[in-house]
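Presented below is the structure to which this report refers.
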Amino acid sequence: MATDIAAPASVEVGEHEHLQLADRIWLHRAMLLMRGIEERAMSLYRQGKVPGSFYDGFGQEAVSAGAAFAMAAEDRLCILHRDLAAHVIRGVPPARIFAQYMGRAAGVTAGRDGNVHFGDRHLGCVGMVSMLPDMMLVATGMAMAFRLRGEPRCALTWFGDGSTSRGDFHEAMNWAGVQKLPVVFVLENNQYAYSTPLDKQFAVDPVERAAAYGFAGVTVDGNDVEAMFDATREARSRAVSGGGPTLIEAVTMRMHGHAAHDDMKYVPKEQVAEWKLRDPVDRQEKRLRALGVDVDELRAGVTAEIDAAAAEALSGPMPSVEGVLEGVFCEGEAEPLGDGHAPWSGFGSGGAA
Amino acid sequence: MATDIAAPASVEVGEHEHLQLADRIWLHRAMLLMRGIEERAMSLYRQGKVPGSFYDGFGQEAVSAGAAFAMAAEDRLCILHRDLAAHVIRGVPPARIFAQYMGRAAGVTAGRDGNVHFGDRHLGCVGMVSMLPDMMLVATGMAMAFRLRGEPRCALTWFGDGSTSRGDFHEAMNWAGVQKLPVVFVLENNQYAYSTPLDKQFAVDPVERAAAYGFAGVTVDGNDVEAMFDATREARSRAVSGGGPTLIEAVTMRMHGHAAHDDMKYVPKEQVAEWKLRDPVDRQEKRLRALGVDVDELRAGVTAEIDAAAAEALSGPMPSVEGVLEGVFCEGEAEPLGDGHAPWSGFGSGGAA
Amino acid sequence: MATMTYLQAISSALRDELRADERVLIMGEDVGEFGGAFKVTDGFVAEFGSERVMDTPLAESAIIGCAVGAAVVGLRPVCEMQFADFISCGFDQLVNVAGKMHYRQGLAVPLVVRLPSGGGFSGGPFHSQNPEALFMHSPGIKVVAPSTAEDAKGLLHAAIRDPNPVCFMEHKHLYRRVKGDVPEGVFETPFTARVARPGSDLVVICYGAMVDVALEATADLDGASVEVLDLRSLVPLDEEAILDSVSRCSKVVVVDEANMTCAAGAQVAALIAEKGFEDLDGPVVRVASPDVPIPFSPPLEAAVLPGVERVKEACRELLAY
Amino acid sequence: MATMTYLQAISSALRDELRADERVLIMGEDVGEFGGAFKVTDGFVAEFGSERVMDTPLAESAIIGCAVGAAVVGLRPVCEMQFADFISCGFDQLVNVAGKMHYRQGLAVPLVVRLPSGGGFSGGPFHSQNPEALFMHSPGIKVVAPSTAEDAKGLLHAAIRDPNPVCFMEHKHLYRRVKGDVPEGVFETPFTARVARPGSDLVVICYGAMVDVALEATADLDGASVEVLDLRSLVPLDEEAILDSVSRCSKVVVVDEANMTCAAGAQVAALIAEKGFEDLDGPVVRVASPDVPIPFSPPLEAAVLPGVERVKEACRELLAY
Ligand SMILES: Cc1ncc(C[n+]2csc(CCOP(=O)(O)OP(=O)(O)O)c2C)c(N)n1
Ligand SMILES: Cc1ncc(C[n+]2csc(CCOP(=O)(O)OP(=O)(O)O)c2C)c(N)n1
Ligand SMILES: [Mg+2]
Ligand SMILES: [Mg+2]
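Residue numbers (our numbering), protein chains in the order written: chain A, 1 to 353; chain B, 1 to 353; chain C, 1 to 321; chain D, 1 to 321.
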C-alpha cells in the first residue's frame, strides 16, 4: 500500500477522465500566476519593496495547483510556503498577495504577518505558522470536526520533507490514522530542507510510513499538475467516503534557494539541470499546445493581470499604526472559516466561485 | 524485518546458549526482588508510609529484568516506571529503593523526586521524567555520543505503548535511524495506557514502524525473561557492532491498576485471568525447578532481604529541610554517569559488580 | 443554590455546556469511559457518548493542535491536560498556533485548556507545576484561576463561551477540599478580580489555592484589617481592582504558588510599583515558591510551597513597617 | 585586541572552544556545510568535521533531548535554534529534562542552547520572539544575553564551560550592527551585570539589544546624568548590582524588548519594589513590547518594539517626577 505509484498523468494528447479542457487551462493559469507573481515579488524584494525575507516555490507550482484544484468549496486548507497556486485557486486576488508580501494594508493579514504566512479565512484557509509542520495537526483537527458532524468534507495540508522529522508530523499521522479522519497530507518532497539533503532527514522515504499508521501512501510526480490533481482527487473521495487519510508524496525539486538570500551552493549544478527538464509549467504548456490551446495568449493575459495587480498593490498604503494593539483577542462572536472557490468543473457551479 | 518474531525462549529444561545456571537464577532473583519490593511498597503505601501515588510493574517483571541483564557496565540506561528489576540489576540496594518510595533521606533522590522517578547516576542510569517518552531522546543522545567517540557502548530505554503516540517517540526513532545509533528501544506493550486500550492509541502495531525508520523491529514474549534477554542481547550486539538501533516490542500485560488508586474496572476480567496463566515469575520458576534449583530457598532469601531492607529504610530519617534550596545548579565540575553492575556471566567479571 | 466541591463545580459546568451547546466537545487522555484522572468527567460518556467526550492518544501537541482545527471550523473544544505540567508538550501549538491566530488573521479560536495544577500532596517536580506565567507572557491567551466552587463553575462557563483560547487553571489541591454554594444552572463569572475579604491596613493579592492560605493567614493578625484580593483572572488582569485595593490599603503582599521569578506575582508587583507607587506605604512584598523544582518528600515540599506561616510572617513584618 | 562584530565574536568563541576541548560539539539545523542560517558556523565543518558540527534533522525536541543525553555521558553540546522562536518545539526537553536534572538527581547537564532572538527587521510573529522569561521562570536554566561583541564572546565561553544548561540569547539585530574590541583568545565573562554608563539621576536597567537603545536615548537628556545598567545575565540575576544602581540613582526605568507581561523586566521591577523600595524617588517605570505578537510590516513593528523615542520619553517623564 505504502508505495502504490499514482496512475501516471494521462497521455499528453487526448482526453482526461476528470478534467475538461477549461480545467486543464485553469490548472496552467494557476501555475503561471504563481510563477509570475513570485518572480515579480522577487524583483520587488530586490528593490526593497518586500520587507523581511522572501520564499518562493519555483519549480513546485504543480504541487499546490494540482492538489488545491481537487478541493471543494466547503473543504478546508492549510497552505504552506511553497504553495502560492493554492491561494490563487481558492480565490485570493493577486493584488492582495502582492500587498501581503509588501506588508501593506490591503494584504491578507494587513501587514501583521509576513510574506507567505497567510490564509484567507473567508476562503477556507488557515494561515501557516512558521513552526513546521504544526499545520498538520490543525488540518487533522478540522477533519476530526467533519467526522464528528458527519459532514462529507475534507481537510488538506502541505508540508515539506524536512518537517517530517518533527514530532507533530507523527502526532498528526497517528491521530488521523487511529480516527480514520478525512484528511489529505501532501508531503512536498523538494529534495532539501533549507540546506539539508534528504539523507540527513530520514533513513527511509516517509511515504513508507503511511502503512505503519494504517492508511494509504502514494508517490506522485510532483511536477505533473494533472497527476497531482488525480492523486488528490482520489485521496479526497477516499476521505469523504470514510476511507480515511492519505499521505501523498509529491516528488519535486526546490529550484531556487531556500529564501531570497540563499545561493544554494550546496545543490549540485547537475541536479538543478536535470530537474529543469521536468519543469511543471513547460510540461502542462506542451500538453495544452497539443490540445490546440493558444498558450501565448494565456501567458499574455496572466502577465497583464500581474502587472495590474502589482501596480494596484504598490499604490496601496502601508497599514496605519492606530489599532496595532487591537485584535489580540476576538471581541465579538467567533466566526468559523468560510468557503473558498472551487473552480474544478467536477464541482458543477465551481463552488463558491 | 519489522515483525521477525525473536527466537522463542529455549526449551524449558536444557541448556541456554548464553545463560549459565547462575545467570538464570540471577534473572529470577531480580524478578522476585522486583515483585517483592513492589508488593511491600504497596502495603507501605496503604499504611500511608509512601507519599504521593504508587505505580508498580506486577506481571511485567521479565521485561526490565531480561533487558537490563543484557547490558554491560559501561552501557547507559533510562529506566521507566514499570522497570524496577533494572534498578536491582544495575545495583541499587533494596533499602535505597524503599527509602526512595517513602521520600526518605536515603532514597536515590533523597526525597527530591518521587516513587519511580529515579536513576542512580553512579550506576549509569538517568532517572526518568514524567513526560513520556522523553527519555527516548536522552537515550538517543547518549548513543550519539558513543558513536561520535567510537566507543562500543550502547544505550537502552523502555517506554510504554501509549507513549508511542507522542512526538518524541518519532523524533527519537527517526534520529536514531538516520544516524544508525547504538540504542535499544524497548517498547513495553502492556495493553493499556492508563485506561486507554491500544486501539485508541494506534491503528498499526508500532513495531511495524521500525522498518519505516530503517532499523530492526522485533516482537518478544515480554513474560519470558530469557526471551527478553535473548532479544536484548542480540539488539545490543547489533548496536555495538555498528548495526544500528533495534525496536523490541515486549508484549505483556499490566496486571495491576495504572497506579495504586486505580481499580481498573475498564479491564475485562477474562483478560486478566488469561494473562495470569502467563505469569513471568511462575514461568521462570518452573524452568529453574526443572533445572533442579531450590527455588523455595531462593524465595526465602529474597523475602529476608526485603524484610531487612524495608526495616532499614523505615528506620531512616526524612530529608532535612536545610539545603532544600541548594543543588538547582551544579557548582563544581560536571561529573558524567558512572558504570553500573552487569552481573551476566557473559561480561566475565560481571562488570563493575 | 447547591453545595458542591470545587471539582463537582467544574464537572457541573462541563455537563451544562455539553447539554446546552452541541458544539462543545471534551478531549483528553482517559477522559472518556474512565472519567479522567481526577474523575471530573465521570459518567459523561454515558450521557454524551464517546465522540463528544473523547479519549485521545497520549499526545498533548495533538490535543491542542487538533482542538485548534476543530475550533476554527465551528466546534468548542475543551481540552484536559492530565496534569498541568504536561502542557510543556503542547506548548508550541498553544502559544504559536492558538495564541497568535486572531491577531495575525482575524480567525477566532474558541478553545479551553483545563490545567489541573499546583502542589501540596507530594506530586513531585512533574505533578505540581503552576505554569500560568508562561501563558501570561504569550499574547493571545486568556488565563483564569478560580479559588472557590462558585467561581470554578462560573469562570468555566465564561471560558467555554469565550471566543478565544482560555487556560483554565484548576488547582488539584482544591478539588475536594473546597466546598461552597453554587447557583443553579448556567452563569458566567466575569474575568475580573474579587475582594475575598475587605480590609484597610494591608492587602494580600493572590489567586487559586493561595486565596484560602491568605484568608487563613490573615484571619487574625493582632486585629489588623487585612484585605484579600482574589484575582480570579490573570489575563485579562484586573489592574483597576488591584490599584484600587492598593490605594485603600497602601501595603501589599503578593502571593502566588508558582516559582518566584517572572511569575504572575512579579507582574502584579511590577504593575503596582509603576502605577500604584504613590499609594504605597511600604515595599511590595512577595511570597512565592523559590526557584526550585517542587520536591516530592512532604517536609521538603512544605518548605518550598508558600504556606500560612510564611504569609502571616510577611504580613506581620509589613504591617510593622 | 581585535575588532569584531557581535556575530564574529560568537563564531570566535565557538571556534576557540571546539579547538580547546574535544568534548565540545555543535548541533543544529543547517549548521554544518551551510554554516547556519546566520553563518555563525561558516567554515567550521572544514576545520572540525561534520560530526562535531552536526546537521540535525528538523526536530527541536530531539536537538535538546539528544544534547542532554550527550551531556550526561561527557560531551559539551552547543545547540543552535535556527531562530529562538523554535525553542517552543523543544520546550519540554529544555525545562523538564535538562532544567530539573541536577536538582532531582545530582546529575549535571553541561549544555548550551544558542537562541537567535529579537526583532527589528520585519521577521514577523515567528522570527522576532524574545523567550528568555520562559526560561527564567523554569528553575535550573541559566540565561545570558550579551549586548556587546566582547560580552558575546566572553559569555559564550563561560556558558560552554558552565556545568549547567545555559540559554544564550543572541540578538539577531546586533549580529552585524554591533562591532567592538574583543580581547584575544579565551576569556570568561562572569554572569553579572555591567555598568554600561555610570550616572546618578536615573538608571535604565536593560540587556541585549535594549542596551544600545538605552545609551542612545539617554546620551543627552538635557544634561541629566543617566546610568545604564546592562544586566548581561538574567539567571543568575545580579540583584546586588541592580539594587546598588537603584540606591545611587533613586529613579529607575526598566527596558526589555519582550512582551511586557511577566517579562524579565517585570521580575527586575518587582525585585526593586520589594528590596529597593526605600531608595526609590519615583515609580519603577517599564518600557517593553506591549502584549501583541510582533507584527511584520515595518510601521507596525516600529510601533510595537521599544525604541529610542519611547525610552527617552519615559526617562524625561520620570526625571521630571
Ligand atoms: C519547527 C521549525 N524549526 C525550524 C524552522 C526553520 N526552517 C524554516 S524552513 C526550514 C526547512 C524546511 O524544509 P522542508 O520541510 O523540506 O520545507 P521546504 O522549505 O523544503 O519546502 C527550516 C529548518 C521552522 N520553520 N520550524
Ligand atoms: C506527556 C505525558 N502525558 C501524560 C502523562 C500522564 N500519564 C502517566 S502514565 C500514562 C499512561 C502511559 O501509558 P504507557 O505509555 O502505555 O505506559 P504504561 O503506564 O502502560 O507502562 C499517562 C497518560 C504523562 N506521564 N506524560
Ligand atoms: Mg524540502
Ligand atoms: Mg501501557
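Glycine included, every Cβ here is placed at the ideal spot set by N, Cα and C. What you are looking at is a predicted structure, and each value in this text was computed from that prediction instead of being measured.
Nearest CB-CB separation between Leu247/B and chain C: not below the 8 Å threshold.
Excluding its 5 nearest sequence neighbours in each direction, Phe347/B has C-beta neighbours in its own chain below 6 Å: Ala72, listed in chain order.
Within chain B, the C-beta atoms nearer than 7 Å to that of Gln93/D come from Asp134, Leu137, in chain order.
If you draw a straight line from the Cα of Asp205/A to the Cα of Glu249/B, it is about 23 Å long.
At least 8 Å separates the CB of Phe44/C from every CB of chain B. At a cut-off of 8 Å between beta carbons, Cys315/D makes no contact with chain C. Put simply, the CB of Pro163/C is near chain A, with a gap under 8 Å to one of its CB atoms. Residue state for Tyr101/B is assigned as helix, using DSSP reduced to three classes. Scanning the segment 122 to 159 of chain C for uninterrupted alpha helix (DSSP H) segments of 4 residues or longer gives 132 to 136, listed from N- to C-terminal end.
In this structure, Asp16/D is the residue among Thr5/D, Asp16/D, Thr3/D with its C-alpha nearest to the C-alpha of Gly185/D. Using a Cβ-Cβ cut-off of 8 Å, Val292/C is close to Val324, Leu325, Val328 of chain B, given in chain order. In the assembly as shown, Thr3/C is an exposed residue. Its beta-carbon has fewer than 16 other beta-carbons within 10 Å.
Ligand 4 has a heavy atom closer than 7 Å to the beta-carbon of Asp161/B.
Within chain D, the residues Asp92 have their CB atoms less than 7 Å from the CB of Cys89/C, given in chain order. Leaving aside the five residues that flank Gln201/B on each side, the residues in its chain whose CB is nearer than 8 Å to its CB run, in chain order, Asp161, Gly162, Thr164, Ser165, Ala193. Here Arg176/D is exposed: its Cβ has fewer than 16 other Cβ atoms, across all protein chains shown, within 10 Å.
For Ala143/B, the enclosing alpha helix (DSSP H) stretches over residues 135 to 148. In the structure shown, Ile294/D adopts coil according to DSSP, grouped into three states. Straight-line measurement puts the Cα of Gly127/B at about 42 Å from the Cα of Asp244/D.
At least one CB atom of chain B sits nearer than 8 Å to the CB of Ser165/A. By the rule that beta-carbons nearer than 8 Å mark a contact, Glu274/D touches chain C. If you look at Cys262/D, you'll find it isn't in any beta strand (DSSP E); DSSP assigns it neither H nor E.
For Lys49/A and Met136/D, the gap between their C-alpha atoms comes out near 38 Å. At a cut-off of 8 Å, the C-beta of Gln20/A has no neighbouring C-beta in chain D.
Contact note: Cys66/C reaches chain A through Leu137, Thr140, Gly141, Met144, Trp175, using a C-beta cutoff of 7 Å and chain order. With a threshold of 7 Å, the Cβ atom of Cys154/B does not count as near ligand 1, since no heavy atom of the ligand is closer than that. Per DSSP, the continuous alpha helix (DSSP H) segment holding Met210/D begins and ends at 210 to 218. With contact defined as three or more Cβ pairs closer than 8 Å, the segment 57 to 77 of chain B and the segment 312 to 325 of chain B are not in contact. By the Cβ-count criterion, Tyr103/C is buried, with 16 or more other Cβ atoms from all chains shown falling within 10 Å of its own Cβ.
Judged by the Cβ position, Glu188/A qualifies as a neighbour of ligand 1 at the 7 Å threshold, a heavy atom of the ligand being closer than this. In summary, Gly292/B is exposed, with fewer than 16 beta-carbon neighbours lying within 10 Å of its beta-carbon over all protein chains present. Going by C-alpha positions, Ala9/C is about 39 Å away from Val324/A. Within chain C, Pro125, Phe126 have C-beta atoms less than 9 Å from the C-beta of Val129/B, given in sequence order. Per DSSP, Asp23/B lies in no beta strand (DSSP E); the unbroken alpha helix (DSSP H) holding it starts and ends at 21 to 46. Any Cβ of chain D closer than 8 Å to the Cβ of Pro268/A would place that residue at the interface, and such an atom is absent.
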